[in-house]
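There are 2 protein chains.
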Amino acid sequence: MTVKTIPSAAVGRLAVKAAAKQTKRTKWIYAFGNGKADGDVGMKNLLGGKGAGLAEMSRLGLPVPPGFTVTTEVCTIFNKQLGAYPPELESDVNTAITVIEKITGARFGDPSCPLLVSVRSGARASMPGMMDTVLNLGLNDETVNGLASRSGDMRFAFDSYRRFIQMFGDVVMGVSHKSFEEILENQKLDLGVTLDTDLSAEDWKSVIVDYKANIRNLTGEDFPQDPKTQLWDAIGAVFRSWMNGRAITYRKLNNIPHDWGTAVNVQAMVFGNMGEDSATGVAFTRNPSTGENTLYGEYLVNAQGEDVVAGIRTPQQLTIAGKQASNSTLPSMEESMPEVFQELQVVRYRLESHYRDLQDIEFTVQRGKLYMLQTRVGKRTANAALKVACDMVAEGLITKDQAVLRIDPVSLNQLLHPTLDPRAKRQLLAKGLPASPGAACGRIVFTADEAERLAHAGEKVILCRGETSPEDIHGMHAAQGIMTTRGGMTSHAAVVARGMGRPCVAGASQIMIDYETRMMRVSDTVLREGDILTLDGGTGEVLSGRVATIEPKLSGDFSRLMSWADARRRMGVLTNADTPSDCRKAVELGAEGVGLCRTEHMFFETGRIVAVREMILANTVEGRRAALEKVLPMQRSDFAEIFKIMGERPVTIRLLDPPLHEFLPHGEAELLEVAEAAGTEVETVRARVVKLDEVNPMLGHRGCRVGVTYPEIYEMQVRAILQAAAEVAESEGRPVEAEIMVPFVAMAGEVKVLEELITRVADEVLGPNGTGGVKYRIGTMIELPRAALAAGKIAKHAKFFSFGTNDLTQTAMGLSRDDAAGFLPTYEERGLVGRDPFVTIDRDGVGELIRMAVLRGRETRPDLKLCICGEHGGDPDSVEFCHEVGLDYVSCSPYRVPIARLAAAQAAIREMA
Amino acid sequence: MTVKTIPSAAVGRLAVKAAAKQTKRTKWIYAFGNGKADGDVGMKNLLGGKGAGLAEMSRLGLPVPPGFTVTTEVCTIFNKQLGAYPPELESDVNTAITVIEKITGARFGDPSCPLLVSVRSGARASMPGMMDTVLNLGLNDETVNGLASRSGDMRFAFDSYRRFIQMFGDVVMGVSHKSFEEILENQKLDLGVTLDTDLSAEDWKSVIVDYKANIRNLTGEDFPQDPKTQLWDAIGAVFRSWMNGRAITYRKLNNIPHDWGTAVNVQAMVFGNMGEDSATGVAFTRNPSTGENTLYGEYLVNAQGEDVVAGIRTPQQLTIAGKQASNSTLPSMEESMPEVFQELQVVRYRLESHYRDLQDIEFTVQRGKLYMLQTRVGKRTANAALKVACDMVAEGLITKDQAVLRIDPVSLNQLLHPTLDPRAKRQLLAKGLPASPGAACGRIVFTADEAERLAHAGEKVILCRGETSPEDIHGMHAAQGIMTTRGGMTSHAAVVARGMGRPCVAGASQIMIDYETRMMRVSDTVLREGDILTLDGGTGEVLSGRVATIEPKLSGDFSRLMSWADARRRMGVLTNADTPSDCRKAVELGAEGVGLCRTEHMFFETGRIVAVREMILANTVEGRRAALEKVLPMQRSDFAEIFKIMGERPVTIRLLDPPLHEFLPHGEAELLEVAEAAGTEVETVRARVVKLDEVNPMLGHRGCRVGVTYPEIYEMQVRAILQAAAEVAESEGRPVEAEIMVPFVAMAGEVKVLEELITRVADEVLGPNGTGGVKYRIGTMIELPRAALAAGKIAKHAKFFSFGTNDLTQTAMGLSRDDAAGFLPTYEERGLVGRDPFVTIDRDGVGELIRMAVLRGRETRPDLKLCICGEHGGDPDSVEFCHEVGLDYVSCSPYRVPIARLAAAQAAIREMA
């Protein structure tokens, strides 16, 4: 491909004259329309989702206005070379326009029968509202008259023209939307009217004059009259919009690579605003909230497409059922346009049987004729995804494996978290649309920035807005839930919240927000920023104060799909759980054992921390032993309870890991308290605190280093574990499997020394021949690079490894999780790291160390049991990695257990494919 | 080998009846004497140094009293199995005793002609005074009379007997030396005498009664009369002494593995205390301080061997020259025993021509007859080592390569550090013997514990003692220098200090130390603990206060040997130097360039730190740029000066590495000062300090992460470097080679981004075609495990790697150097780490990462230049590792440059062998 850099003045326009010799000509343009198409649904990377969908619908013979797609490759060239196009592009576009002209019978710039087109972005992945769109392109001072005469509606024509100028001014020429809105407001004030519909054709003509002057004033340039100039400018603007701030943020949040680029779709205009027999709408082929197998969507009569998505007018339901469900008084399309509705139902069946998945479609009705403008795989709630997948298996559309692959493991989060307790007292404040399910509770904030600020400070917040826009993405992400006072189920807020898995109530129109005074009002109730609000995204209720929650009840579809998943996965799924309640929850969610029980959390409980501190403050082994004697029975009963809950499932207990200073107080008052409890001087305590303090606690005196230097601590823990195991094996008359795990190992010698210690204590507790009921094994964490390298030697003394990928990431990358916030965002922005390496495993670095450890460990001990227990164990990508490198188990927090089960199954299925 | 555990009551005695069938019989005992020997010098591991030396001397026909060696393997069995011996040992010992009896004509326990033996330890490596010795064994209430009649000296016989009881009581039965000394003191008080020599045979008999009662009182057991029992008890005590605390400490300090074990040498007694024609002495075949080729040593007339080493009596010189040099008034052996002296000279020639090295020998003269009791390679000062090596090359005894291999690189430290300025004013306090060369200055301390405590707190201390003992080792190691008021050139203090390379003045007898009041006095001058003292170990001067020092003048032998070394080594040696004075020193010591110039040290200089802090406090890029503009000319002039000094040698400059918060103040007053200087509120400064503070600064926002997030800082530094280079290339009319090094890289992307930045700034500064005179290269530190793994990708953007092994050790092992003190000593004690991994590279872990990085880096870029610049670059073992893995350079601090040169040469020579 040859590209040419265009001087900055002409950025976005075509480099016309560049000569390029190519042996094989790259195709930059893919046409569609009239039941044919150059492209198809398989070309999403090249044509974007919208372009591929339009091509596919055209091939299917669905009513698609003719047009063409400029490929994502052009975008990449354009953005890399600061506004250069491939030299052949101009003639390609001209040819494609001619084809549209032939099909429509209209001509670009023809004053009597002008061709009008839309110019829309369309990336590989859907990025709702992120990039720019221009409609009605081709209108100018002359062609507007042609539109008027052909539509027979002068007012419509000039309204369309002023909309075009406004969009073009905003999107292409950088003139603020607000400046146009002000002109319009002034016009209405002058005329003494309130609604746009009150303006006549003449009024619009006057607005147009002001609009053009506004552009001239603010840019020093005239609004271009030449349709070709308009077109090239609009294409350039769409390509540039790929790199705007909100698009970049969206891609970051959704893990979309910046180098994918967007395609541009140029398509003959159809008008949903040509009167009462015209409409525009958005629909899903099944209900995206519940998965119910019924057409689901909204439409607006006499409106242009963007009006629905923008959520400014509250739209009407497509079906009678939908109308009833939403208590709407406006007529459904099923009632008001029955023929079009039937046509839409046919389209729905065609698309579903073709795509075998729930589709999200956009359409326009122009004077009673249906036109399809988009189809794509529809976003859905996790519940809906489960139901759709299970239903489609039952309908014979897809296989069980396909169903398993179709569920985004992370989306299960939505199903697993608590919902509002129906019996809890609720103070209903207002009711809106149940736009995204789940319960959320937090402090009211009114701006995205404030949401982000407070969330970073650890507060849970609810973002409350009139409506949301792409600028609010970061705040929506930071919030627990989103509430809007305007907009419908397909408004920006609703779509984005569902995608993020955030509960959302949309269009709670009784609420009035006053951004100025930072308060909101429902009749005479006033809520201020910082007050607590609860949302029920499943019912649309907005509640004052905090409301109790209950555990979710999982649907039959959930267990059906999980059973298909479990049948496929090779890896076992354990849980990281420190408390009996965590263990119970994990078992309920399918955990096959405990992969990581952190004993130090038990140390912090009231009544224990005193003894623990006494132990740390003791200067002698005897003093420490005396204090540990007090801790022993407490730890023993903790372990016993966990062994009881876990039944015969293995329980892996990690010996003390954090440095001792973590248990000591730092404030004056607390120091005094500890000194009194320990019967010593506050100065002694302070001195000990200072002595134990570390410059880099992460790399400090912790883990097995504590066990080597203060063996009495580990002895107590091992004793407590095995006494508890023996007790439970005895009382329940069944075997207990305890896995004792040594943390923060750097070299084999450490494991050897502690293996001796553990074995010695075990012989003491269980007797030299062991107690039949108690099976214990000794293993290690692998969480230091050196341990990964020494895995072969370590495996001589360890029967299992558990990869502590949090610490392994910190040490391999030299990256303190607590301190990375200062630069990691910059790194993500500059593409230096893909995803946060603390969320998704760094395959090249940390991953290679794991791979090495697996190989070396298994070489020494072929039946070495391998697990991961860092937080990566609940991240689907990382779970796939674990499957690939041959781990036996992943261990994750209880709520992530189903996610890991599903991800493990997907990895196994993908491997078989 | 079959071993048998002996019941604790009988620990140390023989397991008699155990039956063991062995196909091949292990030899536990090696006899020597009468011009023959079972062993030889090659069996040091099995026989220990002393045993091998005795065997070899016996084979050479030198006069060695007959005896046998119990091997180190027996020690290992004994200490592992808590006091068990191989079953065949008893009969082997009996046989060996019979052989001695035959040679000497005396018999064990024979009342008329008793065989007396010494029982001495002897490990593979010399551990002077660390383990126990028993002399005169075989004496009892009956045999003492035989000794009396055969020696014709009743007094001698009973003195010998009481000495034996005292040693045996102390070493074998655990009765304190002090309790015996008190009995002796009381006896002297009762008799009204002051010297031991004033006691008659009858007096000794009375002492013996009290000694035996003392043992009975304190242990409940009788002093054993049976010589066989005495022998087995003594052998067990020597084996046990291998594991005593001071021996363990010594081995730790000297990197001697605990599993080597000691041998036990049982040898017929000869007596140096049989009158004025008897003597005992210690000698070196050449002067161990200067290397001069002359017999050098001391002797004591009418004394037993231990009296010399203990340093209690001040001994006489062997030669007339030695007597003159030490201003002694006592007759030399050359004068008083000319025949014996000539015999000793013959022995000296025999040993040197046989061993081809300086030997350290022990001998006893019994009634005019010379007996050799020990020979071993003699410890020597670095200067002596150089002279001996060079002289022996000249004498044709060894080759140049052997000479190079013979110098311990670390010992060069002694030559390179400053000595006292002869023109500086000195306030002479006292004069002792020049026991170990070099100048030392520090605060006076009187106990080893205090020395260690203050040294850990960062103080420099001089340990002042009457005499030192093995219990003081840790304090001697912690001290800058050692001063004793008693003892000679071969006293404990002198020998150990020379071995450690610590300056030492021994026997400064004018000084009186009062431990009680913690002061010392010379006539009417009083010095208290904490006062400053200076020692000149080269002259024996003890000086009050601090005395100016001068740089050492290196001898011709030094440059001769270094030239032989340089001719052999493959690796280049660079220096870590941040200042012009460091650079000058390094060039003088042979550095071939700068391998690491840390720019941050320049940031701290007065006048700069204000601008640097201003930069950090700025909230905008512009603010930072403005502050950096002020720093630029300062850095430029620093670099220019270094380029001038280094001539055409390459200079590697590391871009800013530490996190920014390291430059901010923490105290209130300083905060205020900075706020005023920056014209901002103190709260703003405090907030910034808090915001930048890190939990784990080692893994924080540092190194290239600063360069990526605040590119303007690195831009300034690169500009300063290249402007300086261009300036010097221009003014000096010669090329300048600047290597720009990016620190703390974790992934290739970082290097790519910074390569772009550096190249851009370079193009700006040097012009697009570069300035002919300036050659610059971009490289990286490899100091994170992930960087080592990603070396292949990183090498695409880096022309050189420098291994930052300090940080690589910290991250690979998860070991914060600042925090490791809490457990590393325990680890060393338990043998979990060999040497401190921050001193000697951890070959298995860190080493493997380096190996991988070397392989992967060179695969991408075959001419990749590889260097190490961690502190390991000056450690001989680590230098050898660098040679093995194929690095091109090592870089170390200026004073370590010769050490690295020598170590690199030794590695190359060993490789050729």
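As you go down the protein sequences, you meet chains A and B in turn.
If you're matching positions, the first sequence starts at 1 in full-length UniProt numbering and goes up one per residue.
If you're matching positions, the second sequence starts at 1 in full-length UniProt numbering and goes up one per residue.
All C-beta atoms in this analysis are idealised placements derived from N, C-alpha and C, irrespective of residue type, glycine included.
If we define contact as Cβ-Cβ less than 8 Å, is residue i a contact residue for chain B?
| i | result |
| --- | --- |
| residue 925 of chain A | In this structure chain A extends from 1 to 913, so residue 925 of chain A is not present and cannot be described. |
| A/L525 | In the sequence under discussion, the amino acid at residue 525 of chain A is Thr, which differs from the Leu named in the question. No, no contact with chain B. |
| A/S878 | no |
| A/G623 | no |
| A/P785 | yes |
| A/F341 | no |
Measuring from the CB of residue i, is there a heavy atom of the ligand MG at a distance below 7 Å?
| i | result |
| --- | --- |
| A/T709 | For the ligand MG, the structure offers nothing, since it holds no ligand at all. |
Count the other CB atoms, across all protein chains shown, that sit within 10 Å of the CB of residue i; report buried if there are 16 or more and exposed otherwise.
| i | result |
| --- | --- |
| A/A19 | Because the pLDDT of A/A19 is 37, which lies under 50, any placement of that residue in the model is unreliable, and the question is left without a value. |
| A/V621 | exposed |
| A/R901 | buried |
| A/I550 | exposed |
| B/A234 | buried |
| B/F341 | buried |
| A/S559 | exposed |
| B/V346 | exposed |
For residue i and chain A, any beta-carbon pair shorter than 8 Å?
| i | result |
| --- | --- |
| B/S802 | no |
| residue 921 of chain B | Chain B is shown from 1 up to 913; residue 921 of chain B falls before or after that span and cannot be answered. |
| B/V753 | yes |
| B/R246 | no |
| B/M912 | no |
| B/M615 | no |
| B/T840 | no |
| B/G438 | no |
| B/A812 | yes |
| B/F881 | no |
| B/G845 | yes |
Residue i and residue j look like a contact to me (Cβ under 8 Å); what is the Cβ gap, rounded to whole Å?
| i | j | result |
| --- | --- | --- |
| A/V70 | A/V264 | 4 Å |
| B/A904 | B/R465 | Going by Cβ atoms, the distance from B/A904 to B/R465 rounds to 39 Å, so no, they are not a contact pair. |
| residue 1002 of chain B | B/S126 | This structure does not reach residue 1002 of chain B, given that chain B is present from 1 up to 913, and the question cannot be answered. |
| B/A96 | B/I29 | 5 Å |
Unbroken beta strand (DSSP E) runs of length 3 or more, entirely within the stretch 878–903 of chain B: which are they?
Complete beta strand (DSSP E) runs here, min 3: 889–892.
Would you check if the stretch 775–782 of chain B and the stretch 727–741 of chain B touch, i.e. whether three or more CB-CB distances between them fall below 8 Å?
Yes: at least three Cβ pairs fall under 8 Å.
Below 8 Å, how does it come out for the stretch 265–280 of chain A and the stretch 359–368 of chain A: are there three or more Cβ pairs, yes or no?
Here the stretch 265–280 of chain A makes contact with the stretch 359–368 of chain A; the two share three or more CB pairs at distances below 8 Å.
Of all the alpha helix (DSSP H) runs that stay within the bounds of the stretch 540–614 of chain A, which reach a length of 4 or more residues?
Within the stretch 540–614 of chain A, complete alpha helix (DSSP H) segments of at least 4 residues are found at 556–568, 580–588, 600–603, given in chain order.
Jot down the residue ranges of each uninterrupted beta strand (DSSP E) in the stretch 694–760 of chain A, minimum 3 residues, whole runs only, in chain order.
Scanning the stretch 694–760 of chain A for uninterrupted beta strand (DSSP E) segments of 3 residues or longer gives 736–742, listed from N- to C-terminal end.
Under 8 Å: do the stretch 756–771 of chain A and the stretch 668–678 of chain A share three or more Cβ pairs, one atom per stretch?
Short answer: they don't touch.
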